[in-house]
Structure formats: structure tokens, C-alpha cells
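>
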Amino acid sequence: MSGDNSVDYTILIPVLNEREGLEKTLDEIISLGYERGRIIVVDGGSTDGTPEVAKRYGVRVVKQDGRGKADAVKTGLKYVEGDVVVLMDGDYTYPAQAIRSLLDKISEGYDLVIGARRYVEKGAQRLPYRFGNWFLTKLFNIFYGVKLTDALSGMYAVKKSVLSEVDFEFKGFSVEAEILSHALSTGYNVAEVPIKYRRRVGEKKLKIRNGFSILASMVMLTWRYNPTFTLFLLGTLFLLPGLYFDLYVVVKYLTTGVIHHVRALMGAIFTTTGVVSLGLAISVFYLKRMEIRLMRRISQACSHRPPEKSGL
146 MSGDNSVDYT
156 ILIPVLNERE
166 GLEKTLDEII
176 SLGYERGRII
186 VVDGGSTDGT
196 PEVAKRYGVR
206 VVKQDGRGKA
216 DAVKTGLKYV
226 EGDVVVLMDG
236 DYTYPAQAIR
246 SLLDKISEGY
256 DLVIGARRYV
266 EKGAQRLPYR
276 FGNWFLTKLF
286 NIFYGVKLTD
296 ALSGMYAVKK
306 SVLSEVDFEF
316 KGFSVEAEIL
326 SHALSTGYNV
336 AEVPIKYRRR
346 VGEKKLKIRN
356 GFSILASMVM
366 LTWRYNPTFT
376 LFLLGTLFLL
386 PGLYFDLYVV
396 VKYLTTGVIH
406 HVRALMGAIF
416 TTTGVVSLGL
426 AISVFYLKRM
436 EIRLMRRISQ
446 ACSHRPPEKS
456 GL
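Next comes the structure, spelled out in C-alpha cells:
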């Protein structure tokens, strides 16, 4: 049966008014042989009978402390007994068949395995959301020097020990970014497995404005885990006024023959500051990558884990 696995796991499902989707999700999970006692549904205050659906299936239901997905994960973590937590939404978008792939990858020695939405059902992810996810994943790859394809997937398996270290400082849908940022920045092994992604059952909660919130969280997380890089990266913004003053001085000199010494000096200062900041940002970026890889190697050597296979 699909539920047979050497990994001691718990399936955690945060929900809020997901009655129809949760019913289909639990039906699929249980039909594949996963034990009811390993499933925890964290309810964020549903008013449509969602908790009653979960209880009918005989799974554990806990009331969420606080609001938002991050608080739901934080609450559920208190009740997790297994060594590995499989997180997935209760709206039937993520297939239960992927649980086995995530756990198998964890058993290979990885600390966090993301279910990368490779096969998207028609109509499951509209163009603005697909572009936003692609853009944010690209930024994530730049900030952390990885090669992910779906950094913000809502289905993933993570060791409880890793999840327990996360501060859950950022609320709402930024929780995936925070968990992944922590894992990468502290040298844990991260991998992806391709999964399907289906049309949601019920009303979609993730709005386009949430993408901007996630972007802001990513910048703040980069500041937390690599403040020097973020500081120098912000310093490159001096290139904008510097190039403006430089261009102004050149144009004025070519058209009127007049040299604006003050603007020329300001342009030189700003441009030099921006170029130096850019160079330092790149240097710090690669030093951080070396640090992370060294931490992974040390961690692998201490726990006798296999070498990296994911290319992350």
C-alpha cells in the first residue's frame, strides 16, 4: 500500500472553509492506505462545516491559534509526533499520490522536499499566478544561489527538527518562503520532485496582492539570513542617480559646451558607490554560497547522508 513507508511521518492539512475540497482530499489520502491517525487537520475557524467533515473521516482536528497559514502550520507542529511533516492544502489541488514520492526522497537523506508543480491541469493556475510564481522563484534562486523550479509550492515534506527551528515571523502565504529560506541558509539538503496540480475545489484564497506580500517577505528574509548581501545590493541603487547625473553632464557638454562640475562630481560619487556595491554584493553572494555548501558537506559527513543529487 502507498501508506507503507519506513519514514515516520505526519500529514498536516491547514484548512479554512474547505468542506468540499477537504472531503475529496481526505478520501483520496485514506484510499491510498495512509493511516487516519497520521493525519492532522488544522482548522482556522471554518464556518462551513469543515471540521465536521474531518471528524467524520476519523482524523485528528485541532483548532488553530492565531490567523493565517503560517499560524496554522505553527499550531499543527505542536501535535506532530512523526519525524517528518508532509504539508498540503485541503482544497484538492495537490494529489495524495505525491506523498509517497516526497517521503521516498526524504528517506534518501534530504531535509526538505518540495512538490514542484510540473504538470498543471488546464485552468488550475491562471497566467498572472503562473507568472508570479515563476518570477518569485527566479528571485529566490538569485537570492539563495539555487536552481528551484517551484519555490512556493504548497505541498512539501520537511523534517520536524527543521520545521521546529523556523520562527514563523511572516504570516499568511509567506510561510513556504520562510521555511525554505531557513532550510537553505542553514545548510540543510533540499530537493524537488515533480507533481501534478489540479483545479481547486471551492473559492481561491490566494490573491494577486499576496504575491507582493510574499515578495516583501523574501527581501526581509534575505536581510535576515544574508544582511551584508542585501545591504550591498541596495547600494547598487546609487547607480540610478549616478548614471542620471553622468548622462546630464555629457549631454549638456555636447550641446552647450558647458561643464557642470557639481553634477559631474555627484555623478562620479554615486556611480562609483553603485559599482563598488555591486561588486561587493556579488562577492558576498558567492561567499555565502560557499558557506552553505560547506555547511551541507559537514552536515552530511556527521550524519552519513548521501552527497547532494538535486543540484540545488
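Using the numbering used here, you'd call the opening residue of the sequence shown number 146 and step up by one each time. Ideal Cβ placement from N, Cα and C applies to all residues, glycine included.
How would you label Asp-234, buried or exposed, when you count the other beta carbons within 10 angstroms and need 16 or more for buried?
Its Cβ being crowded by 16 or more others within 10 Å, Asp-234 is buried.
> Starting from the C-beta of Thr-220, find all residues in its chain whose C-beta is less than 6 Å away, skip the five residues before and the five after it, and write them out in chain order.
So the list reads Val-187, Gln-209 and Asp-210, once near-sequence residues are dropped.
> Per DSSP, which residues does Asp-256 bridge with? Please list them.
Paired residue(s): none; Asp-256 is not in a bridge.
> What's the gap between the Cα of Ser-176 and the Cα of Tyr-202?
Whole-angstrom Cα-Cα distance: 11 Å.
> Classify Asp-149 as helix, strand or coil using the three-state DSSP reduction.
With a pLDDT of only 49 at Asp-149, under the threshold of 50, the placement of this residue in the model should not be trusted; the figure read from the coordinates follows. It is coil, neither helix nor strand.
> Between the beta-carbon of Val-335 and the beta-carbon of Leu-247, is there less than 8 Å?
Result no, Cβ atoms of Val-335 and Leu-247 do not sit closer than 8 Å.
> Taking the C-alpha atoms as reference points, what is the distance between Ala-361 and Val-204?
Distance between the alpha carbons of Ala-361 and Val-204 is about 36 Å.
> Within its chain, find whatever has a CB closer than 6 Å to the CB of Met-411; leave out the 5 residues flanking it on each side and keep chain order.
These residues qualify, in order along the chain: Phe-390.
> Name the one or two DSSP bridge partners that Pro-159 has.
Val-187.
> Got a sec, what are the start and stop residues for the beta strand (DSSP E) Val-303 sits in?
301-304 is the extent of the beta strand (DSSP E) around Val-303.
> Helix, strand or coil for Lys-341 per DSSP?
Three-state result, Lys-341: strand.
> Suppose the cutoff is 7 Å on Cβ atoms and the five residues either side in sequence are ignored; what does the same chain contact list for Thr-294 look like?
Answer for Thr-294: Ala-261, Thr-282 and Glu-337, listed in chain order.
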